[in-house]
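Notes to accompany the following structure.
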Amino acid sequence: MQKIKSLMTRQGLRSPQESVHDLSPIESFRIPCKEELRELHEEPTDPQAQQAIINSIEEVYFSNDSFDIVKYELERLPPVLSLQELEEYRDKLKQQQAAVSKKVADLILEKQPAYVQELERVTSLQTGLQMAAVICTNGRRHLNIAKEGFTQMSLGLLANQRKRQLLIGLLKSLRTIKTLQRTDVRLSEMLEEEDYPGAIQLCLECQKAASTFKHYSCISELNSKLQDTLEQIEEQLDVALSKICKNFDISHYTKVQQAYRLLGKTQTAMDQLHMHFTQAIHNTVFQVVLGYVELCAGNTDTKFQKLQYKDLCTHITSDSYIPCLADLCKALWEVMLSYYRTMQWHENHDQDEKAAVSSASDGNVIGTEENSFDLSYVKKKLEHGLSRIWQDVQLKVKTYLLGTDLSSFKYDDFIFVLDVTSRLMQVGEEFCGSKSEVLQESIRKQSVNYFKTYHRTRLEELRMFLENETWELCPVKSSFSILQLHEFKFMEQSRSPSVSPSKQPASAASTTVTLFEQYCNGGNPFEIQADSKDDETEDVLASNGYESDEQEKSAYQEYDSDSDVPEELKRDYVDEQTGDAPVKSISRETLRSRKRSDYNLNKVNAPILTNTTLNVIRLVGKYMQMMNILKPIAFDVIHFMSQLFDYYLYAVYTFFGRNDTPILSSSLSASNREQPSARQFESTGLGLSSSRLRTTLNRIQESLIDLEVSADPTGTLTAAEERKEKVPSPHLSHLVVLTSGNSLYGLAERVVATESLVFLAEQFEFLQPHLDAVMPAAKKPFLQQFYSQTVSTASELRKPVYWIVAAKAIDYEQMLLLMANVKWDVKEIMSQHNIYVDALLKEFEEFNRRLTEVSKRVRIPLPVSNILWEHCIRLANRTLVEGYANVKKCSNEGRALMQLDFQQFLMKLEKLTDIRPIPDKEFVETYIKAYYLTENDMECWIKEHREYSTKQLTNLVNVCLGSHINKKSRQKLLAAIDDIDRPKR
Numbered sequence: 002m003q004k005i006k007s008l009m010t011r012q013g014l015r016s017p018q019e020s021v022h023d024l025s026p027i028e029s030f031r032i033p034c035k036e037e038l039r040e041l042h043e044e045p046t047d048p049q050a051q052q053a054i055i056n057s058i059e060e061v062y063f064s065n066d067s068f069d070i071v072k073y074e075l076e077r078l079p080p081v082l083s084l085q086e087l088e089e090y091r092d093k094l095k096q097q098q099a100a101v102s103k104k105v106a107d108l109i110l111e112k113q114p115a116y117v118q119e120l121e122r123v124t125s126l127q128t129g130l131q132m133a134a135v136i137c138t139n140g141r142r143h144l145n146i147a148k149e150g151f152t153q154m155s156l157g158l159l160a161n162q163r164k165r166q167l168l169i170g171l172l173k174s175l176r177t178i179k180t181l182q183r184t185d186v187r188l189s190e191m192l193e194e195e196d197y198p199g200a201i202q203l204c205l206e207c208q209k210a211a212s213t214f215k216h217y218s219c220i221s222e223l224n225s226k227l228q229d230t231l232e233q234i235e236e237q238l239d240v241a242l243s244k245i246c247k248n249f250d251i252s253h254y255t256k257v258q259q260a261y262r263l264l265g266k267t268q269t270a271m272d273q274l275h276m277h278f279t280q281a282i283h284n285t286v287f288q289v290v291l292g293y294v295e296l297c298a299g300n301t302d303t304k305f306q307k308l309q310y311k312d313l314c315t316h317i318t319s320d321s322y323i324p325c326l327a328d329l330c331k332a333l334w335e336v337m338l339s340y341y342r343t344m345q346w347h348e349n350h351d352q353d354e355k356a357a358v359s360s361a362s363d364g365n366v367i368g369t370e371e372n373s374f375d376l377s378y379v380k381k382k383l384e385h386g387l388s389r390i391w392q393d394v395q396l397k398v399k400t401y402l403l404g405t406d407l408s409s410f411k412y413d414d415f416i417f418v419l420d421v422t423s424r425l426m427q428v429g430e431e432f433c434g435s436k437s438e439v440l441q442e443s444i445r446k447q448s449v450n451y452f453k454t455y456h457r458t459r460l461e462e463l464r465m466f467l468e469n470e471t472w473e474l475c476p477v478k479s480s481f482s483i484l485q486l487h488e489f490k491f492m493e494q495s496r497s498p499s500v501s502p503s504k505q506p507a508s509a510a511s512t513t514v515t516l517f518e519q520y521c522n523g524g525n526p527f528e529i530q531a532d533s534k535d536d537e538t539e540d541v542l543a544s545n546g547y548e549s550d551e552q553e554k555s556a557y558q559e560y561d562s563d564s565d566v567p568e569e570l571k572r573d574y575v576d577e578q579t580g581d582a583p584v585k586s587i588s589r590e591t592l593r594s595r596k597r598s599d600y601n602l603n604k605v606n607a608p609i610l611t612n613t614t615l616n617v618i619r620l621v622g623k624y625m626q627m628m629n630i631l632k633p634i635a636f637d638v639i640h641f642m643s644q645l646f647d648y649y650l651y652a653v654y655t656f657f658g659r660n661d662t663p664i665l666s667s668s669l670s671a672s673n674r675e676q677p678s679a680r681q682f683e684s685t686g687l688g689l690s691s692s693r694l695r696t697t698l699n700r701i702q703e704s705l706i707d708l709e710v711s712a713d714p715t716g717t718l719t720a721a722e723e724r725k726e727k728v729p730s731p732h733l734s735h736l737v738v739l740t741s742g743n744s745l746y747g748l749a750e751r752v753v754a755t756e757s758l759v760f761l762a763e764q765f766e767f768l769q770p771h772l773d774a775v776m777p778a779a780k781k782p783f784l785q786q787f788y789s790q791t792v793s794t795a796s797e798l799r800k801p802v803y804w805i806v807a808a809k810a811i812d813y814e815q816m817l818l819l820m821a822n823v824k825w826d827v828k829e830i831m832s833q834h835n836i837y838v839d840a841l842l843k844e845f846e847e848f849n850r851r852l853t854e855v856s857k858r859v860r861i862p863l864p865v866s867n868i869l870w871e872h873c874i875r876l877a878n879r880t881l882v883e884g885y886a887n888v889k890k891c892s893n894e895g896r897a898l899m900q901l902d903f904q905q906f907l908m909k910l911e912k913l914t915d916i917r918p919i920p921d922k923e924f925v926e927t928y929i930k931a932y933y934l935t936e937n938d939m940e941c942w943i944k945e946h947r948e949y950s951t952k953q954l955t956n957l958v959n960v961c962l963g964s965h966i967n968k969k970s971r972q973k974l975l976a977a978i979d980d981i982d983r984p985k986r
C-alpha cells in the first residue's frame, strides 16, 4: 500500500498522508488483470470526480498495513442496523474501491514499458551468472590437475635456491667486513688530500655498514675506531675552516662546506667560522705590530710577545709607524676580503639550494624545511657578522692610531696616515655600510691634536713671512690659477663643488666599481706607491711679470699713444645705437683715460700677489687636502683656514690701514688744528672703514691677536705661549718705507698688499662651494658668517689704506693758508680766479705724475685709481669748505668769487680724471649757495644739512647774516646749531 501511495503522490494526486489500507485482513488486495484494467481504462470517467472520491477516503485507511479494516467497519456500525443505509454505505465503499482500482490500473499501464525492459535485464543477468558458474567449475578442475602434477618438484627447487641466496649474502657480508677493516688506510689518504667530503662520506657509510653487521663480534671494535676517526676529521675540518679567514679559496671552501653539510653541522660551521675570523683579526694585527716592534728593538727579547696589543702599540717608533700602519691595513684587508668572498660564495650557492628545494618531492617535506632553515640561518649569521668583524677591525686600528703621538709628524706623513685611514673607512662603508664612527673619532682626535700644533707653527711662520715681507710684486702668469699649484691637484678629480673628491675611488674616479670588486682577484688598496714627482712641477711664474719679451718691450711705450686705436674710436664719443657722435663732446684726455682703464702700462692683467700670498694659498691647499681626506675635522680645518685669512687681513690693515702720525703740521694755528670731522678723517684711516670692517677687525684682534706679547718682531714665544691660540701682532718690515712723498707714501707696497688680499679673498670665494660641501650642516652658519663678514670685507680695506695716501699726497694745509690770505669782501665782481686754485690743481697734476711713475712698478687696477682720485677730490672739496668757513668777512661779490674759483677747479679737474660725478661737488656748491639764504630759510637749511660741522654752520650765521639780523635771531640760529651738534658729542 505504501508503494501505491507513493506512486499516487508522484503523479501529483492529493492522496492521504500515509497509505491505502487493505480492505480486509482476510481478503488480499487483488491486482486487476489486463482485461479488467483495459475495461477500467476504457470506461468513461470524470478525473475530477474520481479524484474527489479518492480524496473522500478516510485517513485511517492509509495509516499502516496492520490496520484491521473489517474490525474498524464493524465497530462503526450503529446499534440499530438499517439495510438501506448499509447498502448505501457499501455502494460508497465500492465506488471508492473502484476509483482506487482505476487509479492503480492507470499507473500500471503507464509503467508497463519500464517493467518489460527491466525484466529483460534480469533475464540477461541470469544467463551471465550461469556462464560464470561453468567457468569456475572448469578452473577448479585444472587447478587440481596442476597441484597433483607440479607441487613436489617446485618445492625442492625453491629449497635449493634459498640455500644459495643465503650463502651469497654471507659471502657479501664477509667481503664487506674485510673492506671495513681496510677503511682507516683510505681515510688517512683522503685527509691528506684534503678530500673532507669524501672522507666523511666514506666514514658515515662505514658506520652504517658497521651498524648493519653489529651482530658480529669483530665489528664492535671497528665501530668505536670509526667514531674516533670521525672526530679526528672534524678537528681537521675546523683547522681547514680557519685557513679561509686569511686566504679564501673557492674549491677549498666548497669542500669544507660540503663536509659540514654531510655532518649536518652547517649552523655549527657558521659559528666556528665567525670565531675564526675574530681570532684571525686579533692574531694578524698582533703579529704585524710585534714584527715591527722587535725589528725596531733590534734584539730577540721575547718580552714583547707577552705584552697586550694595546701596550705593544705604544712601542712603535715614528719611523716605523707608517709602514706598520700600511701592513696592518693590508693584512686586515685580506681578512675582510676573505669574508666578502665567503658571502659571495654563499649567495651564489643559495640560489642553487633554493632551486633544489623547490624541485624536492612532497615526500621529503621535513628535510626540505630543515634545509631552508639552515640557509636562512647562514644568511642572517653572515649579515650580522659584517658589523661584528668591522667593529673588531675598527677597535684594533683605533688602538694603533691612538698608541702614538702624531703631532711631531711631517705634513706629508700625516696626510698619508689620513689617506690610509680614509681608505680604510671607505672599505668599511663598502663592507657593511658603516660610517666608521670609532675610526672617525680616533682619527679626529689625532687630527685635531696634530692640526693644532701644525696650525700654530704655520701661524708663526706666517707672522715671520709678513714681518719680512717687502711687499714686492710676485710675477705670475695672467693665466695663473690656484688649481695649477701642487697642493690643489686633488681637486682635479672632481671640479664639481657639490661632489666631494674623496668619495671617488682614487684609481678610477669615473666608475662605480667598489674596492672589493676591484681587488677581488688580486692586489691591495693599501699598497704604498711612490708619489709622482712630475705633478709637483709648477709653471706659474712669469718672466719679469710679462707673458713674453714683446710685451715687456712695449710696456714702456708712450703712455698716451693712441696709434693703435681705431679711427672711429678716436672720435670723442660714438653712440652705440646710431653710430653718431653726440652734440656734447668728451675730451681726448677722457677717451685716453678710458682706453687705458687703469695704470697698467699695457702689462698683462696678471694677478697682484706676493710670496706670502702664495704661501697662504699653498697652506689653504694643504688644509683642504687634510679636510678632503677626513671629513669629521672639516669644521676645525675651516676654522683654522679662516684664521689664516683673518691674520693676513689684520696684518695688511695694521701695516697700511693705520695712520698714527698726525697729518697737520705744528705750523698751523691752534684754531686750524681744531678743524672738525674732515681733519679727524684725515688723521685716521679707520674713520672711513665701514662698521662691518671695524667689527671684523675688532673680532680678529680679540680672538686671534695676542697684544700682551713683546713687540720685538724677532722674539720667540715660550713653550707655554706656543700652546695659546693667539698670535702676536705682526710688525712691518723696516725695509718698507711709507713716508716718502716721491713714492706716494709707499703706494706700490700698499697696492700690492691690498690687492693681494683682494686676490686671496677671491680664491676663498672660489673655494666656498667646496668648503660648503664638506662642512657639517650644524656648522654651516659659521662658514656663511665668515664669508659674509670677513672675506667680503677685503675690498673694503682699500678705502682706509688709500685714504692715508690721498691725505698726504696733496698739501691741503698750504691750500688753507692760501685761502686764508684771500680777501673775500671785495666790492666788484672778479673775472679771475684766485691763486689757491692753481696751486691745488698743480698738486693734483703732480699727484697724477707720481701715480704714473708708481704704475711703472706695479699695475694699479682701475678700482684702486678711482678710490685714490675719489679720496683726493673729496678731501680737496672738504678743505675748500673748511677754507670758506674760516672767512671773517664776505660780500656778495666775494661769494661770486667763491663760485668762480670752484668752477675753475672743477673744469681743470675733469681733464685730469674721468671720475663722474665729481665726489662732494654738491657739498661745496650747497655751502656756497647757503650764503644767499634769508633768516627763515637758514634755520630750515641748518636742520636739513647735518653733514657740515658746527664751526662751518656757525660761520654761515655770523658772516652771512650777522649784519642783517638782531642778536635774538642770531642766538636762535646758534641754538639750533647747538641742538644738532649735541647728539654728536
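Numbering-wise (the numbering used here), the sequence shown opens with residue 2 and increments by one. C-beta: ideal position from N, C-alpha, C; glycine also.
(request) Have a look at the DSSP bridge pairing and note the partners of Ile282. (result) Indexing the sequence shown from 1 puts residue 282 at position 281. For Ile282, which the question treats as bridged, DSSP gives no partner whatsoever.
(message) Does the structure place the stretch 819 to 837 close enough to the stretch 901 to 920 that three or more beta carbon pairs sit under 8 Å?
(response) yes
(message) Pull the bridge partners of Asp1 from the DSSP assignment, please.
(response) What is shown of the chain runs 2 to 986, which leaves residue 1 out entirely.
(message) Measuring CB atoms only, is the stretch 423 to 439 touching the stretch 381 to 400, in the sense that at least three cross pairs come out at less than 8 Å?
(response) yes
(request) Determine the direct distance from the alpha carbon of Tyr949 to that of Ile981, and round the result to whole angstroms. (result) For the purposes of this step, residue 981 is identified with residue 980 of the sequence shown, where counting begins at 1. For the purposes of this step, residue 949 is identified with residue 948 of the sequence shown, where counting begins at 1. Ile981 and Tyr949: Cα-Cα distance of roughly 10 Å.
(message) Distance check for Ile978 and Gln953, CA to CA, integer angstroms please.
(response) Residue mapping note: residue 953 aligns to position 952 of the sequence shown, counting from 1. Residue mapping note: residue 978 aligns to position 977 of the sequence shown, counting from 1. Straight-line Cα distance between these residues: approximately 10 Å.
(message) Tell me which residues share the same chain as Glu1004 and place their Cβ nearer than 6 Å to its Cβ, disregarding the 5 neighbours each side in the sequence.
(response) Lying before the first or after the last residue shown, residue 1004 is absent from the chain, which here runs from 2 to 986.
(request) Pick helix, strand or coil for Val827, following the three-state DSSP scheme. (result) For the purposes of this step, residue 827 is taken as the residue at position 826 of the sequence shown. In the structure shown, Val827 sits in coil (DSSP, three-state: anything other than H, G, I, E or B).
(request) Report the option in Ser856, Thr927, Val806 whose CA atom is closest to the CA atom of Val882. (result) Counted from its first residue, the sequence shown places residue 882 at position 881. It is Thr927 whose Cα lies nearest to the Cα of Val882.
(request) Can you have a look at His771 and say buried or exposed, based on whether 16 or more other CB atoms are within 10 angstroms of its CB? (result) Here residue 771 refers to the residue found at position 770 when the sequence shown is read from its first residue. Flag for His771 reads buried.
(request) Assign Val653 to one of three DSSP states: helix, strand, or coil. (result) As a working mapping, residue 653 is identified with position 652 in the sequence shown. Three-state DSSP puts Val653 in a helix.
(message) Using 8 Å for Cβ pairs, my map puts Cys325 next to Val290. What's the rounded Cβ distance?
(response) The sequence position of residue 325 within the sequence shown is 324, counting from 1. The sequence position of residue 290 within the sequence shown is 289, counting from 1. Sure, about 6 Å apart at Cβ, within 8 Å.
(request) Have a look at Leu758 and Gly386 and give me their C-alpha separation to the nearest angstrom. (result) Translated into the one-based positions of the sequence shown, residue 758 becomes position 757. Translated into the one-based positions of the sequence shown, residue 386 becomes position 385. About 55 Å.
(request) Output the boundary residues of the alpha helix (DSSP H) element that contains Ser64. (result) Along the sequence shown, one-based indexing puts residue 64 at 63. Looking at the DSSP string, Ser64 is not in any alpha helix (DSSP H), and its letter there is neither H nor E.
(message) Under DSSP, the alpha helix (DSSP H) around Met776 begins and ends at which residues?
(response) Stepping through the sequence shown from its first residue, residue 776 is reached at position 775. Run containing Met776: none; DSSP gives neither H nor E here.
(request) State yes or no: is the C-beta of Tyr651 within less than 8 Å of the C-beta of Ile609? (result) Numbered from its first residue, the sequence shown carries residue 651 at position 650. Numbered from its first residue, the sequence shown carries residue 609 at position 608. No, the Cβ-Cβ distance between Tyr651 and Ile609 is not below 8 Å.
(message) Classify Arg875: buried if its beta carbon has 16 or more other beta carbons within 10 angstroms, exposed otherwise.
(response) In the sequence shown, the residue the question calls residue 875 occupies position 874. Its Cβ being crowded by 16 or more others within 10 Å, Arg875 is buried.
(request) Give me the Cα-Cα distance between Asp351 and Gly265, rounded to the nearest whole angstrom. (result) One-based indexing of the sequence shown puts residue 351 at position 350. One-based indexing of the sequence shown puts residue 265 at position 264. Taking the straight line joining both Cα atoms gives about 17 Å.
(request) Leaving out five residues on either side along the sequence, give the residues of the same chain with a beta carbon under 7 Å from the beta carbon of Ile966. (result) The count along the sequence shown starts at 1 and reaches residue 966 at position 965. Cβ neighbours of Ile966 beyond the five flanking positions: Glu936.
(request) Under 8 Å by Cβ, that's how I've got Arg751 and Tyr803 pegged, so tell me the actual separation to the nearest angstrom. (result) In the sequence shown, the residue the question calls residue 751 occupies position 750. In the sequence shown, the residue the question calls residue 803 occupies position 802. Going by Cβ atoms, the distance from Arg751 to Tyr803 rounds to 7 Å, so yes, they are a contact pair.
(request) Consult DSSP for Pro80 and reduce its assignment to one of helix, strand or coil. (result) Position 79 of the sequence shown, counting from 1, holds the residue named residue 80. Of the three classes helix, strand and coil, the one that applies to Pro80 here is coil, per DSSP.
(message) Out of Leu419, Lys311, Gly429, which one is the CA nearest neighbour of Lys397?
(response) For the purposes of this step, residue 397 is taken as the residue at position 396 of the sequence shown. Of the listed residues, the one whose Cα sits closest to Lys397 is Lys311.
(request) Kindly give me the distance between the Cβ atoms of Ile55 and Ala99, rounded to whole angstroms, as I take these residues to be in contact under 8 Å. (result) Mapped onto the sequence shown, residue 55 falls at position 54. Mapped onto the sequence shown, residue 99 falls at position 98. The Cβ separation is near 10 Å, so there is no contact.
(request) Taking only beta-carbon positions, decide if Leu175 is within less than 8 Å of chain C. (result) The structure shown contains no chain C; it holds only a single protein chain.
(request) Give the straight-line distance between the Cα atoms of Ala414 and Leu913, rounded to the nearest whole angstrom. (result) Position 413 of the sequence shown, counted from the start, is the residue given in the question as residue 414. Position 912 of the sequence shown, counted from the start, is the residue given in the question as residue 913. In the sequence under discussion, the amino acid at residue 414 is Asp, which differs from the Ala named in the question. C-alpha separation (whole angstroms): 59 Å.
(request) Check Lys771 in the structure and name its three-state DSSP category. (result) Taking the first residue of the sequence shown as 1, we reach residue 771 at position 770. The sequence given here has His at residue 771, not Lys. His771: helix per DSSP, three-state reduction.
(message) What does the Cβ neighbour count give for His872, buried or exposed, with the cut at 16 atoms within 10 Å?
(response) Locating residue 872 in the sequence shown gives position 871, where the first residue counts as 1. Looking at its Cβ environment, which holds 16 or more other Cβ atoms inside 10 Å, His872 is buried.
(message) Could you give the first and the last residue of the continuous alpha helix (DSSP H) run that contains Tyr520?
(response) Here residue 520 is taken as the residue at index 519 of the sequence shown, counted from 1. From DSSP, Tyr520 is part of no alpha helix (DSSP H); its letter is neither H nor E.
(request) Write down every uninterrupted run of the alpha helix (DSSP H) in the stretch 389 to 444 whose length is 4 residues or greater and which is fully enclosed by it, in chain order. (result) 412 to 433
(request) Could you tell me which of Trp472, Ala133, Thr343 sits nearest to Arg858, measuring between CA atoms? (result) Within the sequence shown, residue 858 is the residue found at index 857, counting from 1. Closest by alpha carbon: Trp472.
(message) How far does the alpha helix (DSSP H) with Ala807 in it extend, from its first residue to its last?
(response) On the sequence shown, position 806 is the one that residue 807 refers to. Taken as a continuous stretch (DSSP letters only), the alpha helix (DSSP H) holding Ala807 covers 799 to 810.
(message) As a quick exercise: from Tyr293, Ile251, Tyr261, pick the residue whose alpha carbon is nearest that of Trp346.
(response) Translated into the one-based positions of the sequence shown, residue 346 becomes position 345. Checked all of Tyr293, Ile251, Tyr261; the closest Cα to Trp346 is Ile251.
(request) Give the straight-line distance between the Cα atoms of Glu74 and Gln96, rounded to the nearest whole angstrom. (result) Stepping through the sequence shown from its first residue, residue 74 is reached at position 73. Stepping through the sequence shown from its first residue, residue 96 is reached at position 95. The straight-line gap from Cα to Cα measures roughly 16 Å.
(request) Give a yes or no on whether the C-beta atoms belonging to Cys204 and Thr177 are separated by under 8 Å. (result) For this step, residue 204 is matched to residue 203 along the sequence shown. For this step, residue 177 is matched to residue 176 along the sequence shown. Result no, Cβ atoms of Cys204 and Thr177 do not sit closer than 8 Å.
(request) May I ask you to report which of helix, strand or coil DSSP gives Gln309? (result) Numbered from its first residue, the sequence shown carries residue 309 at position 308. Coil, per DSSP.
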